[in-house]
Amino acid sequence: MEGPRLPPSATSHESDDDKPDDPPSVWHRPTSSLPALPSLDLPPHHWRNHSLNLSPVPTTPFSSLPPPDSIPELETYVVQVPRDQVYWTPPPEHAKFLEKRRNNPEKNKKSGCSKRLMWFFIILVLFGLTLGALILILHFVFNPALPVFAVEKFSVKPSNFEVTLRADNPTSNMGVSYMMKKNGVVSLTYKDKSLGRGKFPRLSQVASGTDRIHVKLEGSTKNAAMPPRGSKLPVSLVLKIELKADYEAGPVKRNKELVVTCDVKVKGLLDAKKVEIVSENCESEFKN
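Right, dumping it as structure tokens:
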């Protein structure tokens with residue numbers, strides 16, 4: 001096997017063909033520019049004697065090895081970052097703020113509770129304002145108007161009086177039902193003296209409806225100091241009705257207590273078979 005090629009040395013013998021004037025070939029090894037090579041230790045003697053490796057161990061010194069390849073120079077790379085990519089670093093104030101929050105857990109807990117209470121009160125106030133606005137709208141939109149009553153006919157019988165009334169419901173968006181309220185009464189008086197008492201029959205009206213109703217009052221003129229027979233002077237009577245009015249428009253309901261007072265002037269209350277109504281005026285009033 002051919003051993004490694006030896007470099008030219010200053011101690012080697014010159015050949016006969018070399019000219020005496022040629023300078024000797026000398027090889028210089030730059031030891032300062034190359035890293036130190038790892039030392040190659042020979043195997044121990046006993047291992048060499050019993051090893052199956054029969055190849056001869058090279059005995060060429062390291063100084064006779066050829067020089068290694070030159071170390072490549074370091075290269076410089078230029079990395080271009082697109083302009084639309086912005087790498088942002090948070091300011092140090094954020095780190096200080098987070099550190100304070102981390103160091104004060106109780107304060108953070110109290111701050112969270114106060115924020116929850118604040119939001120609760122804000123939601124409560126908004127809910128109250130919404131509810132108030134809704135009630136106000138319903139109050140103005142579904143606001144019952146006072147009904148209008150009028151006496152159209154009045155007649156006298158031996159033991160009772162009969163009155164025909166016209167009832168108008170001016171509320172355009174709500175129907176109404178009239179009924180006698182508890183302990184309510186329909187009374188007819190003359191100079192604060194009772195002539196008759198009766199009951200108002202139940203009446204239901206649609207929005208903007210008009211109906212006629214007949215009221216019968218038990219009583220007579222015998223117990224009252226009436227004008228003498230044949231007098232042509234009108235007699236002033238007072239008809240008073242106490243009712244309960246229930247207004248309704250879908251889910252919206254309004255309950256009212258109603259008092260109707262009618263001042264009626266009539267002629268022929270005692271003599272004529274047919275009583276003439278000279279004038280009448282009915283006024284309605286809500287009690288609640």
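So for the sequence shown, the UniProt record's numbering puts the first residue at 1; every next one is plus one. Just so you know, even glycine gets a beta-carbon here, dropped at the ideal spot from N, CA and C. Because the structure is a prediction, the values reported are computed rather than measured.
Under the three-state DSSP convention, the category residue i falls into
| i | result |
| --- | --- |
| L126 | helix |
| S172 | coil |
| E99 | helix |
| A167 | strand |
| V260 | strand |
| V275 | coil |
| G196 | strand |
| E75 | coil |
| F142 | coil |
| S114 | helix |
Span separating the alpha-carbon of residue i from that of residue j
| i | j | result |
| --- | --- | --- |
| L129 | A249 | 24 angstroms |
| K267 | I135 | 50 angstroms |
| V264 | S159 | 20 angstroms |
| A145 | K115 | 48 angstroms |
| E276 | V185 | 25 angstroms |
| D211 | D168 | 7 angstroms |
| K157 | S220 | 8 angstroms |
| K131 | I123 | Sequence check: residue 131 is Leu here, not Lys. Roughly 12 angstroms between the two C-alpha positions. |
| L6 | T76 | Since pLDDT at L6 reaches only 48, below the 50 mark, its modelled position is unreliable, and the value read off the structure follows with that caveat. So the alpha carbons of these two residues sit roughly 38 angstroms apart. |
| F140 | V252 | 12 angstroms |
| W119 | A133 | 21 angstroms |
| A245 | S177 | 6 angstroms |
| M174 | E285 | 18 angstroms |
| Y190 | R254 | 35 angstroms |
| K181 | F121 | 43 angstroms |
| A95 | L117 | 28 angstroms |
| K287 | K256 | 7 angstroms |
| F200 | V215 | 6 angstroms |
| L233 | E283 | 24 angstroms |
| L37 | P91 | Interpretation of L37 is limited by its pLDDT of 48, a score under 50 that renders its predicted location unreliable; no figure is taken from the coordinates. |
| N183 | L203 | 18 angstroms |
| I137 | F127 | 15 angstroms |
| N205 | V148 | As written in the sequence, residue 205 is Gln, which differs from the Asn given in the question. Near 12 angstroms, if we compare the C-alpha coordinates of V148 and Q205. |
| L239 | S187 | 6 angstroms |
| R229 | F161 | 18 angstroms |
| K125 | F142 | With the sequence shown as reference, residue 125 is identified as Val, and Lys is not the correct amino acid for it. Going by the C-alpha atoms only, they are around 25 angstroms apart. |
| K100 | C113 | 18 angstroms |
| V260 | L165 | 11 angstroms |
| M179 | N281 | 22 angstroms |
| E93 | Q80 | 31 angstroms |
| S231 | P170 | 39 angstroms |
DSSP bridge partner residues for residue i (one or two, in chain order)
| i | result |
| --- | --- |
| I241 | V186, V260 |
| L203 | Y178 |
| E162 | S155, K216 |
| Y247 | V176, R254 |
| K267 | E276 |
| residue 295 | In the structure displayed, the chain extends from 1 to 288; residue 295 sits before or after that span and is not available. |
| T210 | D168 |
| S236 | K265 |
| F286 | L258 |
Among the options, nearest to residue i - alpha-carbon criterion
| i | options | result |
| --- | --- | --- |
| L217 | V163, F142, M226 | V163 |
| V151 | F286, K287, C262, P251 | C262 |
| P227 | E285, K153, R166, L270 | L270 |
| I241 | S194, L258, L138 | L258 |
| S279 | I137, L165, L195, S236 | S236 |
| A207 | Y247, K199, G198 | Y247 |
| A225 | E93, K153, K193, G209 | K193 |
| I213 | R229, V125, K222, F154 | F154 |
| S172 | N281, V78, G209 | G209 |
| K222 | Q80, L195, K274 | L195 |
| L243 | V78, S231, G198 | G198 |
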